[in-house]
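Notes follow once the structure below has been shown.
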Amino acid sequence: MTTKPLLEVEGLKKYFPVKKGMLGRTVGHVKAVDDVSFYVNEGETLGIVGESGCGKSTTGRMLMRLLEPTEGKVVFDGKDLTSLTSDEMRKTRRDIQMVFQDPYASLNPRHTIEKILEEPLIVHGIDNPKERKKKVREFLEIVGLSAYHAKRYPHQFSGGQRQRIGIARALMTNPKLIIADEPVSALDVSIQSQVLNLMQDLQKEFNLTYIFIAHDLGVVRHISDRVGVMYLGRMVEMAASEQLYAKPLHPYTQALLSAVPVPDPDYQKEQILLAGDIPNPANPPSGCTFHTRCPHKMDICTKFAPQLVEQDSGHSVACHLYSDQVDNDIKQMEGSL
Amino acid sequence: MSEFVPKADGIAVMKVEKTVGPWREAWNGFKKSKVAVVGMCIVLFFILLAIFGPLIAQEGINDQVLKDRLLPPSSEYWLGTDDLGRDILSRIIYGARISLWVGFFSVIGSVVVGSALGIIAGYYGRWVDTIISRIFDIMLAFPSILLAIAIVSVLGPNLRNALIAIAVINVPNFGRLIRSKVLSIKEDEYITAAKGIGMKDARILVSHILPNSMAPVIVQGTLAIATAILEAAALGFLGLGAQAPMPEWGKMLADSKDFLHSAPWTMIFPGLAIMLTVLGFNLMGDGLRDALDPKMKS
Numbered sequence: 009m010t011t012k013p014l015l016e017v018e019g020l021k022k023y024f025p026v027k028k029g030m031l032g033r034t035v036g037h038v039k040a041v042d043d044v045s046f047y048v049n050e051g052e053t054l055g056i057v058g059e060s061g062c063g064k065s066t067t068g069r070m071l072m073r074l075l076e077p078t079e080g081k082v083v084f085d086g087k088d089l090t091s092l093t094s095d096e097m098r099k100t101r102r103d104i105q106m107v108f109q110d111p112y113a114s115l116n117p118r119h120t121i122e123k124i125l126e127e128p129l130i131v132h133g134i135d136n137p138k139e140r141k142k143k144v145r146e147f148l149e150i151v152g153l154s155a156y157h158a159k160r161y162p163h164q165f166s167g168g169q170r171q172r173i174g175i176a177r178a179l180m181t182n183p184k185l186i187i188a189d190e191p192v193s194a195l196d197v198s199i200q201s202q203v204l205n206l207m208q209d210l211q212k213e214f215n216l217t218y219i220f221i222a223h224d225l226g227v228v229r230h231i232s233d234r235v236g237v238m239y240l241g242r243m244v245e246m247a248a249s250e251q252l253y254a255k256p257l258h259p260y261t262q263a264l265l266s267a268v269p270v271p272d273p274d275y276q277k278e279q280i281l282l283a284g285d286i287p288n289p290a291n292p293p294s295g296c297t298f299h300t301r302c303p304h305k306m307d308i309c310t311k312f313a314p315q316l317v318e319q320d321s322g323h324s325v326a327c328h329l330y331s332d333q334v335d336n337d338i339k340q341m342e343g344s345l
Numbered sequence: 002m003s004e005f006v007p008k009a010d011g012i013a014v015m016k017v018e019k020t021v022g023p024w025r026e027a028w029n030g031f032k033k034s035k036v037a038v039v040g041m042c043i044v045l046f047f048i049l050l051a052i053f054g055p056l057i058a059q060e061g062i063n064d065q066v067l068k069d070r071l072l073p074p075s076s077e078y079w080l081g082t083d084d085l086g087r088d089i090l091s092r093i094i095y096g097a098r099i100s101l102w103v104g105f106f107s108v109i110g111s112v113v114v115g116s117a118l119g120i121i122a123g124y125y126g127r128w129v130d131t132i133i134s135r136i137f138d139i140m141l142a143f144p145s146i147l148l149a150i151a152i153v154s155v156l157g158p159n160l161r162n163a164l165i166a167i168a169v170i171n172v173p174n175f176g177r178l179i180r181s182k183v184l185s186i187k188e189d190e191y192i193t194a195a196k197g198i199g200m201k202d203a204r205i206l207v208s209h210i211l212p213n214s215m216a217p218v219i220v221q222g223t224l225a226i227a228t229a230i231l232e233a234a235a236l237g238f239l240g241l242g243a244q245a246p247m248p249e250w251g252k253m254l255a256d257s258k259d260f261l262h263s264a265p266w267t268m269i270f271p272g273l274a275i276m277l278t279v280l281g282f283n284l285m286g287d288g289l290r291d292a293l294d295p296k297m298k299s
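Printed below as a string of structure tokens:
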């Protein structure tokens, strides 16, 4: 590894307590994110995919501490974000910005575009009013809008244009890392590619690092250098983009990839159909959480959860199918019990 | 203002500079409703009456001309005179000042206090919310006019204390309204976005949450002015609000109740004044509601 990771996440967990009864007793926990670890190198794009409810957005929000992690460490640029006071964290957000899913809800309807874009600068005390106004116009041009749009209100723009504004807002403070939480899933397919291309251009221009959260594998493949697949709060597979799409290891990833539509009507493909629904994260299955739907289920799967282990270089998977040392796994687990 | 602006793809498109802010848009919507505009005209009429009244009305509204007692409307006394020979028209004109003053300031008082409490309760939630909400519940458990009477009895019967009482009894209404609005707004993504930018709580409250929760308050406030005027009149009628010889409309009604049969004009005209003002505010409030918050329409 030549570059040092910009962001390192270790054992990140988020348990939401389930309260019941008059006294609000905690009767259990929804394990929205359960022991997730990964890293992102400077200048690269990490895609995180998974179906809805698998904890990918929760993970994104915890990285910025918009949600407080239950456990785990987030090291950004050498600083442990989880140990910062809320005021220090607030100031650190200058370097980590977020692009949101719904371009209709993420812009204050009562503010003009100028005010929306200016706000991050005001909050962090960057530039004087005149420079700020100039910068707003500059960034509007950069994201493909025009300077005269500054005086308009959000409702006068289309979804794609609004998402461009959302991206411009994230860029204003010149951040190092941008967490994009399903930035294109609310847009039309034709607009999606425009926004994705814009994001890629901006990445080159400003040397940005992206964490790109999405449920659309095609979109993630287009933009990501590396991809992590999440299932029920856990990271089940992680690999370089080409590797993952060429040779998916985890049965869940295989099923996901077989479900991606191919734009060729004559193409006959074998689709792996998963039975059943995603289990309730308040009461996850024992062992490997995927065993209830897995076509290759083994006995061990119901008993022990597999660890994320590197198979090829840079290709990690959490599945007993690939552990040569299943026995070792068992010993390890028994030892820890 | 319009000009040709070349677009990136080379096609010149007509750019029409028309930035309509949310408030301007609401005004355009408001104008469409005839009834609301009529309401606004009535309200404006009474406001102008209150401001310029002294120029129109006769001097000495409290001067008693005992030879002219209980005269019916005539060319000299347009709306007749009361039992002490005072000109009713002049007293009603001066009364507009008192009623509107009480209406506006009591509502401003309850909006300020209610909004502050409601925003804090809604935004911070948890035990802060529980305490504030329970206080509101306790206050709402009393019939409002009874609570007002109790407050005035403690503070002493005069117009200022009546105003304070009316402001106090309306606080929970505004507090709850704002609280519920804040609860929904704080889940909006632009609030998360504001936090993500690194904004402080205080700034989020003032610059994002407050402006977006104001629409229902303006509507409720307009309607509450009408109720406040009625409540002030009721307190005046009971002798707990304005004291003689103040030309307060409710007080005028109370003073004239003994002459209902012999001189009905002493009662009809102050009553009409109250009714018209309240009607004006209500019509205007309904129009505002339709313009500002179409979802609230029943």
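Those sequence lines, one after another, are chains A and B.
Reminder that position 262 of the first sequence reads as 270 in the working numbering, one-by-one numbering, no gaps.
Reminder that position 67 of the second sequence reads as 68 in the working numbering, one-by-one numbering, no gaps.
For glycine and all other residues, C-beta sits at the position ideal for the given N, C-alpha and C.
In this text the structure is predicted, and so the values were computed from the model without any measurement.
How is the alpha helix (DSSP H) around L49 of chain B delimited, first residue to last? K35 to I57
Is the beta carbon of P183 of chain A closer than 8 Å to that of I104 of chain A? Yes, the pair counts as a contact, with Cβ atoms nearer than the cut-off.
If you measure between the beta carbons of F147 of chain A and E190 of chain B, is that distance less than 8 Å? no
Within chain D, partners of K99 of chain A - CB distance below 9 Å: Of the protein chains in this structure, namely A and B, none is chain D.
Within 10 angstroms of its Cβ, does D272 of chain A collect 16 or more other Cβ (buried), or is it exposed? exposed
When A:L195, A:E190 and A:I280 are compared against L54 of chain A, the one with the closest alpha-carbon: Ranking A:L195, A:E190 and A:I280 by Cα distance to L54 of chain A puts A:E190 first.
Return the chain-ordered list of same chain residues with a C-beta closer than 7 Å to the C-beta of E59 of chain A, the five sequence neighbours on each side being excluded. H223 and I286
Who pairs with V26 of chain A in a beta bridge, going by DSSP? A:G36
Give me the Cβ distance between T66 of chain A and K22 of chain A, rounded to the nearest whole Å; I'm assuming they're in contact under 8 Å. 5 Å
At the 8 Å Cβ level, is D88 of chain B part of the contact set with chain A, yes or no? no
Are the C-beta of Y125 of chain B and some C-beta of chain A separated by less than 8 Å? no
Which residue comes first and which comes last in the alpha helix (DSSP H) that contains S145 of chain B? S145 to L156
Neighbourhood of L225 of chain A by C-beta, 7 Å cutoff - its chain only, sequence neighbours within 5 removed: V57, L264, L265 and V268
Cβ of D42 of chain A less than 8 Å from any chain B Cβ? no
What residue range does the beta strand (DSSP E) around H323 of chain A cover? H323 to V325
Return the CA-CA distance between G115 of chain B and G176 of chain B, expressed in angstroms with no decimal places. 4 Å
Along chain A, which residues have their Cβ under 9 Å away from the Cβ of D189 of chain B? A113, S114 and N116
So which residues of chain A does G30 of chain B contact, with C-beta pairs closer than 7 Å? Those within 7 Å of G30 of chain B in chain A number zero; the least Cβ separation is about 14 Å.
Of the choices A:H37, A:R33, A:E318 and A:G32, whose alpha-carbon is the least far from that of P25 of chain A? A:H37
Ignoring anything shorter than 3 residues or poking outside the stretch 213-242 of chain B, list the beta strand (DSSP E) runs there in chain order. DSSP runs (the beta strand (DSSP E)) wholly in the stretch 213-242 of chain B: none.
Buried or exposed: which applies to H304 of chain A, given that a residue is buried once 16 or more other Cβ atoms fall within 10 Å of its Cβ? exposed
So what's F105 of chain B in DSSP terms, helix, strand or just coil? Helix, per DSSP.
If you drop the 5 nearest sequence neighbours on each side, which residues of the same chain put their C-beta closer than 7 Å to that of D287 of chain B? The answer, listed in chain order, is A37.
Residue range of the alpha helix (DSSP H) that Y1 of chain B falls in? The structure shown has nothing for residue 1 of chain B, since chain B only spans 2 to 299.
Looking at chain A, which residues of the stretch 209-230 of chain B have a Cβ within less than 7 Å of any of its Cβ atoms? Legend: CB atoms of the stretch 209-230 of chain B lying less than 7 Å from CB atoms of chain A belong to residues H209, P212 and N213.
Top-ranked residue by Cα proximity to L71 of chain B, from B:L273, B:F282 and B:H262: B:H262
Cutoff 8 Å; reference I219 of chain B; Cβ partners in own chain excluding five residues on either side: The answer, listed in chain order, is L289 and L293.
Consider the Cβ of A194 of chain B: report whether some Cβ of chain A lies at a distance smaller than 8 Å. yes
Residues of its chain near L144 of chain A, where Cβ-Cβ distance is below 7 Å and the 5 sequence neighbours each way are ignored: Per the sequence presented here, residue 144 of chain A reads as Val, with Leu not at that position. Closer than 7 Å at Cβ, skipping near neighbours: E122, L125, E126 and A158.
Would you identify the three-state DSSP class for K87 of chain A, choosing helix, strand or coil? Note: K87 of chain A maps to strand in three-state DSSP.
At a Cβ cut of 8 Å, what residues of the stretch 173-189 of chain B count as close to chain A, listed as they run along the chain? D189
Would T93 of chain A and P77 of chain A qualify as a contact pair, given that the criterion is a beta-carbon distance under 8 Å? no
Any beta carbon of chain A sitting closer than 8 Å to that of P23 of chain B? yes
Pairwise C-alpha distance: L195 of chain A and R234 of chain A: 23 Å
Could you tell me how far apart the beta carbons of T278 of chain B and I210 of chain B are, in whole angstroms, since I believe they sit closer than 8 Å? Actually they are not in contact, since the Cβ atoms of T278 of chain B and I210 of chain B sit about 33 Å apart, beyond 8 Å.
Under 8 Å, Cβ to Cβ, is there at least one residue of chain B near Q105 of chain A? For Q105 of chain A, the answer is yes, since a Cβ of chain B falls inside 8 Å of its Cβ.
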